[in-house]
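Note that my numbering has the sequence shown beginning at 1, numbered continuously upward.
Heads up, the beta-carbon is just placed ideally off N, CA and C, and yes, glycines get one too.
If you're wondering where the values come from, they're calculated on a predicted model, not measured in any experiment.
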Amino acid sequence: MTGPERDPAPLLPGERPSRIPASVRWLVVCAIVALALGVAIWPRGDDGATPAGPSAAPSTSASPGQLADARIRAALPPCPAGIGATALAGKPLTCLGDGAPVDLAAAGGKPVLLNIWAWWCGPCRVELPVLAEVAARAGDRLGVLGVHADPNAVAGLDLLAELKVALPTVQDPQGVVATTLGAPRAYPVTVLLRADGTVAGVHAQPFTSVDEVADLLRTELGVTL
1 MTGPERDPAP
11 LLPGERPSRI
21 PASVRWLVVC
31 AIVALALGVA
41 IWPRGDDGAT
51 PAGPSAAPST
61 SASPGQLADA
71 RIRAALPPCP
81 AGIGATALAG
91 KPLTCLGDGA
101 PVDLAAAGGK
111 PVLLNIWAWW
121 CGPCRVELPV
131 LAEVAARAGD
141 RLGVLGVHAD
151 PNAVAGLDLL
161 AELKVALPTV
171 QDPQGVVATT
181 LGAPRAYPVT
191 VLLRADGTVA
201 GVHAQPFTSV
211 DEVADLLRTE
221 LGVTL
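Shown next, in the form of structure tokens:
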């Protein structure tokens with residue numbers, strides 16, 4: 001049995017009767033609320049890393065003159081002859097600062113901090129100066145090598161010039177380093193390599209202080225700043 005039918009509520013003066021059943025109106029309201037809740041709780045990364053891909057990238061094509069000028073502005077040091085990462089054998093890269101080929105599989109002889117970044121990555125702007133300070137404090141005990149993972153070499157050089165960060169850096173638009181060493185394609189990512197070239201740790205998070213990096217270096221590589 002069904003309950004007694006209720007009379008519709010009286011209309012106010014000037015109000016027109018709705019042609020949409022009340023049940024349908026409630027369904028619409030519930031759908032809107034559910035959508036709003038879904039957007040609010042949609043999962044987001046909590047490690048601060050930025051997923052790969054700029055929101056609006058300038059042209060990656062640059063004339064030889066533009067690239068040369070950008071290299072002069074950035075004034076990066078030469079890239080190391082190698083870092084002993086044998087997993088990268090047969091996968092040469094290009095030094096961002098001077099265009100020279102780099103074989104990262106060649107012997108390095110000391111622990112290395114690899115930092116994979118991109119010019120459009122917000123957290124990278126904060127982290128790069130921190131890593132420059134780490135490199136200065138570590139001296140010859142640690143190699144610090146940047147890996148620019150975006151095709152736009154000029155934009156990468158311009159960012160380093162703007163930040164006054166002079167770290168040796170290789171250009172890796174195909175993500176060879178990240179793929180080979182098991183790092184995610186989200187930036188920044190720091191890969192710590194032992195002196196024999198094996199991976200000691202992969203950290204997909206931005207570092208905002210030298211102390212944070214120093215703790216990892218001491219724990220995973222035995223290097224003190």
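Exercise. Please report the Cβ distance between Asp226 and Arg71, rounded to the nearest whole angstrom; I am assuming they are in contact, meaning their Cβ atoms lie under 8 Å.
Key: Outside the shown range of the chain (1 to 225) lies residue 226, about which nothing can therefore be said.
Quiz item: Can you list, in chain order, the stretches of the alpha helix (DSSP H) that have 4 or more residues and sit fully within the segment 132-211?
Solution: Those alpha helix (DSSP H) runs which fall completely within the segment 132-211 and span 4+ residues are 153-163, 176-181.
Practice problem: Would you give the residue range spanned by the alpha helix (DSSP H) that Leu67 belongs to? | Solution: For the purposes of this step, residue 67 is identified with residue 67 of the sequence shown, where counting begins at 1. It spans 64-74 - the alpha helix (DSSP H) in which Leu67 sits, taken as one unbroken run.
Exercise. Would you identify the three-state DSSP class for Cys79, choosing helix, strand or coil?
Key: Reading the sequence shown from its first residue, position 79 is the one you call residue 79. Cys79: coil per DSSP, three-state reduction.
Exercise. Would you grab the beta carbon distance between Pro78 and Cys95 for me? Rounded to a whole angstrom, and I think it's under 8 Å.
Key: The residue given as residue 78 occupies position 78 in the sequence shown. The residue given as residue 95 occupies position 95 in the sequence shown. Sure, about 7 Å apart at Cβ, within 8 Å.
Quiz item: Along the chain, where does the beta strand (DSSP E) that runs through Trp120 open and close?
Solution: The sequence position of residue 120 within the sequence shown is 120, counting from 1. Where Trp120 is concerned, there is no enclosing beta strand (DSSP E), given that its DSSP letter is neither H nor E.
Quiz item: Ordered along the chain, which non-local residues of its own chain (more than five positions away) have a Cβ less than 6 Å from that of Trp117?
Solution: Taking the sequence shown and counting its residues from 1, one reaches residue 117 at position 117. When the five nearest sequence neighbours on each side are left out, the beta carbons in the same chain lying within less than 6 Å of the beta carbon of Trp117 are those of Cys124, Tyr187, Pro188, in order along the chain.
Quiz item: Pairing CB atoms from the segment 77-91 with CB atoms from the segment 190-204, are three or more of them under 8 Å?
Solution: Yes, the segment 77-91 touches the segment 190-204.
Exercise. Decide if Pro80 is buried, meaning its Cβ has at least 16 other Cβ atoms within 10 Å, or exposed.
Key: Numbered from its first residue, the sequence shown carries residue 80 at position 80. Answer is buried; the Cβ neighbour count reaches 16.
Exercise. Measure how close the beta-carbons of Leu113 and Leu225 come, nearest whole angstrom, since I'm counting them as under 8 Å.
Key: As a first step, residue 113 must be located in the sequence shown, where it is residue number 113. As a first step, residue 225 must be located in the sequence shown, where it is residue number 225. In this structure Leu113 is not in contact with Leu225, their Cβ atoms being roughly 11 Å apart against a cut-off of 8 Å.
Quiz item: By how many angstroms is the C-alpha of Gly65 removed from the C-alpha of Gly182?
Solution: Translated into the one-based positions of the sequence shown, residue 182 becomes position 182. Translated into the one-based positions of the sequence shown, residue 65 becomes position 65. Gly182 and Gly65: Cα-Cα distance of roughly 36 Å.
Exercise. Take Leu128 as the anchor and find which of Ala214, Lys91, Gly222, Leu163 has the nearest alpha-carbon.
Key: For the purposes of this step, residue 128 is taken as residue 128 along the sequence shown, with counting starting at 1. The residue with the shortest Cα to Cα distance from Leu128 is Leu163.
Quiz item: Expressed to the nearest angstrom, what Euclidean distance is found between the alpha-carbon atoms of Leu76 and Ser63?
Solution: As a first step, residue 76 must be located in the sequence shown, where it is residue number 76. As a first step, residue 63 must be located in the sequence shown, where it is residue number 63. Distance between the alpha carbons of Leu76 and Ser63: 19 Å.
Quiz item: Taking the continuous beta strand (DSSP E) assigned at Gly94, which residues delimit it?
Solution: Counted from its first residue, the sequence shown places residue 94 at position 94. The sequence as given places Thr at residue 94; Gly does not occur at that position. Membership of Thr94 in the beta strand (DSSP E) is indicated by the continuous run 93-95.
Self-check item: Gly222 versus Pro173 - alpha carbon distance
Solution: Locating residue 222 in the sequence shown gives position 222, where the first residue counts as 1. Locating residue 173 in the sequence shown gives position 173, where the first residue counts as 1. Roughly 31 Å between the two C-alpha positions.
Quiz item: When you compare each of Pro184, Thr169, Leu167 to Gly175 by their alpha carbons, which one comes out closest?
Solution: The residue you call residue 175 lines up with position 175 of the sequence shown. Pro184 is the residue among Pro184, Thr169, Leu167 whose C-alpha sits nearest the C-alpha of Gly175.
Quiz item: DSSP three-state call for Val102: helix, strand or coil?
Solution: Start at 1 with the first residue of the sequence shown, and residue 102 comes out as number 102. Collapsing the DSSP output to three states places Val102 in a strand.
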